[in-house]
Amino acid sequence: MSITFAVSFILLVLISLIGYRVSHLPKNVWLLFVAQPLGVSSASMVVLAGGLLGSAIAPAVEYATIPVALMILMTAAGVIPAAMLMKRLGRRIGTMLGLSNAVIGAWIAAYAALEANFSILLIGCAFLGFSMAFVAQMRFAVIESLSDAKDMPKAISILMIGSMFAAVLGPEMAVMGKEWIVSPSGYAGSFIGLSAMIVVSILLVSRLDPIGVLDQSSDQPARKLPEIIKQPIFLISVAAGTVAYGVMSYVMTASPLSMHQIHGHSLESTKWVIQSHIIAMYLPSLFSALLIKFLGIRKLMAIGTAIYLSMVIVALSGHELMHYWWAMILLGIGWNFLFTSGTILLPESYRSSERFKVQATNDFTIFFIQALGSLSAGWVLFNHGWEWLIQIIVPVLILMFVILYWFFRVRNRMSKT
């Protein structure tokens, strides 16, 4: 077993146990702190093992990125079914059933590796992507497990810190399990190992306490979705999430291609930049709760958008290793501030009786835009170049600043009345 994998997993469990003992946050937060990164490892596994296996067994090398793109598309497709299933069966049972799709997908992908069959690999990645829609709902399970809304920033930050472990566990399992089972191009054992990680996640979710809701408006009738969508609080929350994920996915997908294939940086340097980016996505969660407390959510959104703009400036400054490294670090931090802010604001837009359809609408929009960003990045890069790819982001960020300014004015006007 990889020492890195073992140390990371043990550290993840120890942090959860210590947090449960010394923190006033409920047990569910700490169970999901471990369960979520194990579930998210499906994504990092597909990005690494799925991409490498795909390049080896695909009918043409340009099809190698299809497993990753299909995973993202199936995540978007699974958002509404995930929300509806959880509404009917509850968070615990719904999440367990969703994660079961990942176990099935991992076994199908392992069989694809054994048979060197690209079509079967796509089916496995589709199942894994579908399960990610259920994993994404875990953050709402954390929110609904709290008894005090003031704990929301801290709980979300803790959950996102846990997600940082997925950046280690998934790729480590991919490399560690590559030769466990003899297969033409390897990785059959990697996907079997992933299925074991998902089973552990299912067992942890099975121990969740009953989940309620933070607000006390369950007796109020549910409004129609168009009425909810018109609210400024909903629009700014969704805007933050879609800009966070859309820009991040778009630039992150293109960066390794630009670095390694176009500008000749080594594979080792490219891997280091991507790993640094993933750490930068989650590490700010250590202090983002404090920033929300002292600055407020709206200002943190503005700072996140400004950091994205600084990323554009750095990315357009050159093609040296440190240009890419700094750009990807800023991309990760900006994503964290925007996505965390949007997640915390969203519950203010709905009543408890409306939460599933609003959460589904929010996540479907976010993952659909993420899929578009990921699918379009390669085409824009190879047809128009890195500079053009980055410049396209500027109008999106200007629009986000306009939305933020509008939201500030609406909020101030409402507070005076």
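Under our numbering, the first residue of the sequence shown is numbered 1285, with each subsequent residue one higher. Backbone N, C-alpha and C fix where the C-beta goes; we use that ideal spot for every residue, glycine too. The structure displayed is predicted, hence computed values, not measured ones.
### Inter-residue CB distance, A1538 and F1623 (contact presumed, cutoff 8 Å)
Within the sequence shown, the letter at position 254 stands for residue 1538. Within the sequence shown, the letter at position 339 stands for residue 1623. Going by Cβ atoms, the distance from A1538 to F1623 rounds to 20 Å, so no, they are not a contact pair.
### Query
Nearest to V1419 by alpha carbon, out of S1553, L1488, L1584?
What you label residue 1419 is simply residue 135 of the sequence shown in a count that begins at 1. Minimum Cα distance to V1419 is reached at L1488.
#### Entry: Limits of the unbroken alpha helix (DSSP H) element including L1673
Along the sequence shown, one-based indexing puts residue 1673 at 389. L1673 -> alpha helix (DSSP H) spans 1670-1675.
### Query
Around the Cβ of L1574, are there at least 16 other Cβ atoms within 10 angstroms (buried) or fewer (exposed)?
Position 290 of the sequence shown, counted from the start, is the residue given in the question as residue 1574. Exposed: under 16 other Cβ atoms inside 10 Å.
### Query
What separation, rounded to the nearest whole angstrom, lies between the Cα atoms of F1289 and A1386?
Here residue 1289 corresponds to residue number 5 of the sequence shown, with the count starting at 1. Here residue 1386 corresponds to residue number 102 of the sequence shown, with the count starting at 1. So the alpha carbons of these two residues sit roughly 20 Å apart.
### Query
In terms of residue numbering, what span does the alpha helix (DSSP H) encompassing W1314 cover?
Stepping through the sequence shown from its first residue, residue 1314 is reached at position 30. First-last of the alpha helix (DSSP H) with W1314: 1311-1329.
### Task
May I ask which residues mark the beginning and end of the alpha helix (DSSP H) holding E1456?
Walking along the sequence shown from the start, residue 1456 turns up at place 172. Segment 1450-1460, the alpha helix (DSSP H) holding E1456.
#### Entry: Stretch pair the segment 1630-1637 + the segment 1509-1521: three plus CB contacts closer than 8 Å
yes
### Task
Using three-state DSSP, classify V1686 as helix, strand or coil.
Counting from one through the sequence shown, the residue named residue 1686 turns up at place 402. Helix.
#### Entry: Between the CA atoms of W1690 and I1482 - distance to the nearest angstrom
Here the question's residue 1482 lines up with position 198 in the sequence shown. Here the question's residue 1690 lines up with position 406 in the sequence shown. Going by the C-alpha atoms only, they are around 43 Å apart.
### Query
If we ignore side chains and look at the alpha-carbon of each, how far apart do G1602 and E1511 end up?
As a working note, residue 1602 is residue 318 in the sequence shown. As a working note, residue 1511 is residue 227 in the sequence shown. Spanning the two alpha carbons is a distance of roughly 46 Å.
### Query
Apart from the five residues just before and just after A1333, which ones in its own chain have a Cβ nearer than 6 Å to its Cβ?
For the purposes of this step, residue 1333 is identified with residue 49 of the sequence shown, where counting begins at 1. Cβ within range, chain order: A1458, Y1471, S1474.
### Query
Does the Cβ-Cβ distance between V1318 and G1454 come in under 8 Å?
Position 34 of the sequence shown holds residue 1318. Position 170 of the sequence shown holds residue 1454. No. Outside cutoff.
### Message
Can you list, in chain order, the residues of its chain with a C-beta nearer than 7 Å to that of I1350? Leave out the 5 residues immediately preceding and following it.
### Response
Taking the sequence shown and counting its residues from 1, the one referred to as residue 1350 is at position 66. G1338, L1406.
### Query
Do you know offhand how far S1300's Cα is from A1611's?
Residue numbering aside, residue 1300 sits at position 16 when the sequence shown is read from its first letter. Residue numbering aside, residue 1611 sits at position 327 when the sequence shown is read from its first letter. Straight-line Cα distance between these residues: approximately 32 Å.
### Query
Any idea what DSSP makes of N1646, helix, strand or coil?
Position 362 of the sequence shown, counted from the start, is the residue given in the question as residue 1646. N1646 falls in the helix class under three-state DSSP.
### Message
Pop quiz: V1324 and M1355 are said to be a contact at Cβ under 8 Å. What is the actual Cβ separation, rounded to whole angstroms?
### Response
Position 40 of the sequence shown, counted from the start, is the residue given in the question as residue 1324. Position 71 of the sequence shown, counted from the start, is the residue given in the question as residue 1355. Their Cβ separation, rounded to whole angstroms, is 12 Å, which puts V1324 and M1355 out of contact at 8 Å.
### Message
Rounding to the nearest angstrom, what Cα-Cα distance links F1414 and L1683 in this structure?
### Response
Reading the sequence shown from its first residue, position 130 is the one you call residue 1414. Reading the sequence shown from its first residue, position 399 is the one you call residue 1683. Taking the straight line joining both Cα atoms gives about 31 Å.
### Task
Decide if Q1545 is buried, meaning its Cβ has at least 16 other Cβ atoms within 10 Å, or exposed.
By 1-based counting over the sequence shown, the position of residue 1545 is 261. Q1545 should be labelled exposed.
### Message
Mapping the DSSP letters down to three states, classify Y1634 as helix, strand or coil.
### Response
Position 350 of the sequence shown, counted from the first residue, corresponds to residue 1634. Coil, per DSSP.
### Query
Would I1287 be called buried (16 or more neighbouring beta carbons within 10 Å of its own) or exposed?
Position 3 of the sequence shown, counted from the start, is the residue given in the question as residue 1287. The residue in question, I1287, is exposed, as its Cβ has fewer than 16 Cβ neighbours within 10 Å.
### Task
Indicate the three-state DSSP secondary structure (helix, strand or coil) for I1356 in the structure shown.
Position 72 of the sequence shown, counting from 1, holds the residue named residue 1356. The answer is helix: DSSP assigns I1356 an H, G or I state.
### Query
Going along the chain, which residues of its own chain have a beta-carbon closer than 8 Å to the beta-carbon of Y1347, five neighbours each way excluded?
One-based indexing of the sequence shown puts residue 1347 at position 63. Only G1338, F1402 meet the Cβ criterion.
### Query
If L1673 and A1661 are in contact, beta carbons under 8 Å, what's the gap, nearest whole angstrom?
Your numbering for residue 1673 matches position 389 in the sequence shown. Your numbering for residue 1661 matches position 377 in the sequence shown. The Cβ separation is near 7 Å, so the contact holds.
#### Entry: C-beta contact flag for Y1566 and M1416 at 8 Å
Taking the sequence shown and counting its residues from 1, one reaches residue 1566 at position 282. Taking the sequence shown and counting its residues from 1, one reaches residue 1416 at position 132. For Y1566 and M1416, no; Cβs fall outside 8 Å.
### Task
Kindly list the residues whose CB is nearer than 6 Å to the CB of G1374, restricted to its own chain and excluding five residues on each side of it in sequence; keep chain order.
Counting from 1 along the sequence shown, the entry for residue 1374 is found at position 90. Excluding residues within five positions, none has a Cβ falling inside 6 Å.
### Task
With DSSP as the reference, label K1577 as helix, strand or coil.
Reading the sequence shown from its first residue, position 293 is the one you call residue 1577. Correct three-state label for K1577: helix.
### Task
Could you check the C-alpha separation between F1578 and A1586 for me, to the nearest Å?
As a first step, residue 1578 must be located in the sequence shown, where it is residue number 294. As a first step, residue 1586 must be located in the sequence shown, where it is residue number 302. About 14 Å.
### Query
Could you give the distance in angstroms between the alpha-carbon of S1550 and the alpha-carbon of F1666?
Locating residue 1550 in the sequence shown gives position 266, counting from the first residue. Locating residue 1666 in the sequence shown gives position 382, counting from the first residue. When rounded, the distance between both Cα atoms is 19 Å.
### Query
What's the C-alpha gap between W1609 and H1561?
Numbered from 1 along the sequence shown, position 325 holds the residue referred to as residue 1609. Numbered from 1 along the sequence shown, position 277 holds the residue referred to as residue 1561. Approximately 8 Å between the Cα atoms of the pair.
### Message
Just verifying my parser: in three-state terms, what is the DSSP assignment at N1620?
### Response
Your numbering for residue 1620 matches position 336 in the sequence shown. N1620 falls in the helix class under three-state DSSP.
### Query
Which residue's Cα is closest to the Cα of L1381: G1548, K1508, S1490?
Position 97 of the sequence shown, counted from the first residue, corresponds to residue 1381. Measuring from the Cα of L1381, the nearest candidate turns out to be S1490.
### Task
Consult DSSP for Y1471 and reduce its assignment to one of helix, strand or coil.
Walking along the sequence shown from the start, residue 1471 turns up at place 187. Coil, per DSSP.
### Message
If distances are taken between C-alpha atoms only, which option among V1522, L1315, H1607 comes closest to S1429?
### Response
Stepping through the sequence shown from its first residue, residue 1429 is reached at position 145. Answer by Cα proximity: L1315.
### Nearest residue (CA-CA) to I1427, options Q1675, V1694, L1629, I1687
The count along the sequence shown starts at 1 and reaches residue 1427 at position 143. Of Q1675, V1694, L1629, I1687, the residue nearest in Cα terms is L1629.
### Task
Report the residue from P1679, V1680, A1366, L1681 whose alpha carbon sits nearest the alpha carbon of F1712.
The chain is shown only over 1285 to 1701; residue 1712 falls outside these bounds and no answer can be derived.
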